[in-house]
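K.L.:
Quick note on numbering: the numbering used here labels position 298 of the sequence shown as 298, and the sequence is numbered without any gaps. Backbone N, C-alpha and C fix where the C-beta goes; we use that ideal spot for every residue, glycine too. Dumping the structure here so I can ask a few things about it.
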Amino acid sequence: MPTTISEQAHKQQQIAGVPDDGSQPRSTQLREHEQNSAKVKPRLFNKLKRYDSAEIALACLFLVPNLIFLIVFTYRPLIDNIRLSFMDWNISAPIATFVGLSNYIEWFTADSTATVLLNTLVFTTCTVIGSMVLGLVLALILDQKLIGRNAIRSIVFAPYIISGAAIGIAFQFIFDPSVGLISDFLHRLGLPSPDFYQVPGWALFMVTITYIWKNLGYTFVIYLAALQARRRDLDEAAEIDGASPARRFFKVLLPQLRPTSFFLSITVLLNSMQVFDLINVMTRGGPQGNGTTTIVYQIYQETFVNTRAGYGATVATILFVILLAVTLLQVRIMEKGEK
């Protein structure tokens, strides 16, 4: 059949690369894409041109001292610690001997490692959960219009700024099985007082409760600030819709506090895994050898008590890897939650 004029025109458009929908030809689109790509490249240089050399020099002047301090006091000690972890070095001797992975093999195969890891896990988990839950409860209470709430807020926050060693000494008398306040209270109720200084489980409980009390002011203040910055109109809208207090708490308030809770979970976890002063003052890692010894306290014991600096550096490197892995895991979980 002979082709019509419209069909011939359609074929010519296809040969020329003109789309059927009337948009621009592919050749024209390709040229525009190349032109746009060429414009993107100098954008970075155009941004740099906005700043003169004096401004760039001033920025470097402020950045260089911080970078120097960061390199000298953070990265260099970290690298030296990793290097020392492969050495057998007694701090009383001037010479360190390279032993490869022997220190790491010794730590992973030692009988005390399981106890130390379990103590660290229990102490860290309880302090993170306890500090955050109690801090949120107190923040919810003291966010209300109460008489003397400012004074109560100051009292709750005060232990956080007190030295851990001082708090440890004070709580030694509170938990004393003979004359302590807890012992006296239990005796009045006709109950026996546990020996917090002889039973490992009770000793770890004592240290954990003490640290939660000390750290409570920190989580309380952060949660209180988040509560005061939240969108109260969402609470009012949920209340008007007839939502129960429990539903408003879990469906309206907690989602707004998710970034704050994530921040606290990281900071409290990192701080609790590095607690040394309370354990050193209250139990010295005991009772019964490693009853309350955590990874941080083991670093102190191996380095300064047993004078095995190389082995102590090995434990410190393992702690660094654990903290890094836990932090990255928390960040990953938070990113998935936001998606």
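Nearest-angstrom Cα distance between residue 41 and residue 56?
P.N.:
In this prediction, residue 41 scores a pLDDT of 47, lower than 50, which makes its location untrustworthy; the coordinate-derived value is nonetheless stated afterwards. Going by the C-alpha atoms only, they are around 21 Å apart.
K.L.:
Can you check whether the CB of residue 268 is closer than 9 Å to the CB of residue 215?
P.N.:
yes
K.L.:
Please give me, in chain order, every unbroken run of the alpha helix (DSSP H) with length at least 4 that falls completely inside the segment 228–252.
P.N.:
232–240 and 245–248
K.L.:
Can you tell me whether DSSP reads residue 273 as helix, strand or coil?
P.N.:
coil
K.L.:
If distances are taken between C-alpha atoms only, which option among 197, 279, 333 and 252 comes closest to residue 262?
P.N.:
333
K.L.:
Under 9 Å between the Cβ atoms of residue 86 and residue 99?
P.N.:
yes
K.L.:
Compute the distance between the beta-carbons of residue 140 and residue 227, then report whether it is under 9 Å.
P.N.:
yes
K.L.:
Under 9 Å, do residue 119 and residue 271 count as touching if we go by C-beta distance?
P.N.:
Residue 271 is positioned such that its CB atom lies no closer than 9 Å to that of residue 119.
K.L.:
Does the segment 248–260 come close enough to the segment 303–314 to have 3 or more Cβ pairs within less than 8 Å?
P.N.:
no
K.L.:
With 16 other CB atoms within 10 Å as the buried threshold, where does residue 327 fall?
P.N.:
With fewer than 16 other beta carbons inside 10 angstroms of its own, residue 327 counts as exposed.
K.L.:
Could you check whether the Cβ of residue 81 sits closer than 9 Å to any Cβ belonging to chain D?
P.N.:
The structure shown contains no chain D; it is built from a single protein chain.
K.L.:
Relative to the C-alpha of residue 89, which candidate in 183, 76, 103 and 78 has its C-alpha closest?
P.N.:
103
K.L.:
Rounded C-beta distance between residue 116 and residue 138? I'm assuming under 8 Å.
P.N.:
About 32 Å separates the two Cβ atoms, so there is no contact after all.
K.L.:
Give the straight-line distance between the Cα atoms of residue 336 and residue 287, rounded to the nearest whole angstrom.
P.N.:
42 Å
K.L.:
Near residue 265, what residues of its chain come up, given a Cβ to Cβ distance below 8 Å and the 5 sequence neighbours on each side ignored?
P.N.:
These residues qualify, in order along the chain: 128, 132 and 330.
K.L.:
Does residue 356 pass the burial test, meaning 16 or more other C-beta atoms within 10 Å, or should it be called exposed?
P.N.:
Beyond the ends of the chain as shown, which are 1 and 339, falls residue 356; an answer cannot be given.
K.L.:
Please check the pair residue 180 and residue 174, which I expect to be a contact at CB under 8 Å, by giving their CB distance rounded to whole angstroms.
P.N.:
The pair is a contact, with the Cβ atoms about 5 Å apart (cut-off 8 Å).
K.L.:
Determine the contact status of residue 221 and residue 160, defining contact as a CB-CB distance below 9 Å.
P.N.:
Against a cut-off of 9 Å, the Cβ pair of residue 160 and residue 221 comes out as a contact.
K.L.:
In whole angstroms, what is the alpha-carbon distance linking residue 245 and residue 237?
P.N.:
The straight-line gap separating the alpha-carbon atoms of residue 245 and residue 237 is approximately 12 Å.
K.L.:
Along the chain, where does the alpha helix (DSSP H) containing residue 149 start, and where does it finish?
P.N.:
149–157
K.L.:
For residue 322, which residues from the same chain have a beta carbon less than 8 Å from its beta carbon, with the 5 sequence-adjacent residues on both sides left out?
P.N.:
By the criterion of a C-beta distance shorter than 8 Å, residue 322 is surrounded in its chain by 273 and 295, once the five residues flanking it on both sides are discounted.
K.L.:
Under three-state DSSP, which class holds residue 90?
P.N.:
Note: residue 90 maps to strand in three-state DSSP.
K.L.:
Apart from the five residues on each side of it in sequence, which residues of its chain come closer than 7 Å, Cβ to Cβ, to residue 418?
P.N.:
The question about residue 418 has no answer, for the chain in this structure spans 1 to 339.
K.L.:
Starting from residue 174 and walking both ways along the alpha helix (DSSP H), at which residues does that stretch end?
P.N.:
164–174
K.L.:
If you draw a straight line from the C-alpha of residue 195 to the C-alpha of residue 202, how long is it?
P.N.:
7 Å
K.L.:
Return the CA-CA distance between residue 177 and residue 142, expressed in angstroms with no decimal places.
P.N.:
34 Å
K.L.:
At what residues does the alpha helix (DSSP H) containing residue 81 begin and finish?
P.N.:
76–84
K.L.:
Using 10 angstroms around the beta-carbon of residue 78, count the other beta-carbons present and answer buried if the total reaches 16, otherwise exposed.
P.N.:
exposed
K.L.:
Tell me, to the nearest whole angstrom, how far the beta carbon of residue 135 is from that of residue 219; I am working on the premise that it is less than 8 Å.
P.N.:
3 Å
K.L.:
Can the beta-carbon of residue 124 be found less than 9 Å from the beta-carbon of residue 171?
P.N.:
no
K.L.:
Consider the C-beta atom of residue 57 and the heavy atoms of the ligand PLP; say whether any pair is separated by less than 8 Å.
P.N.:
Absent from the structure shown: the ligand PLP. Ligands present: none.
K.L.:
Going by the CB atoms, is the gap between residue 217 and residue 158 shorter than 9 Å?
P.N.:
yes
K.L.:
Can you give me the Cβ contacts of residue 183 inside the same chain, cut-off strictly under 7 Å, excluding the 5 residues immediately before and after it?
P.N.:
Excluding positions up to five away in sequence, the list reads 176, 177 and 193.
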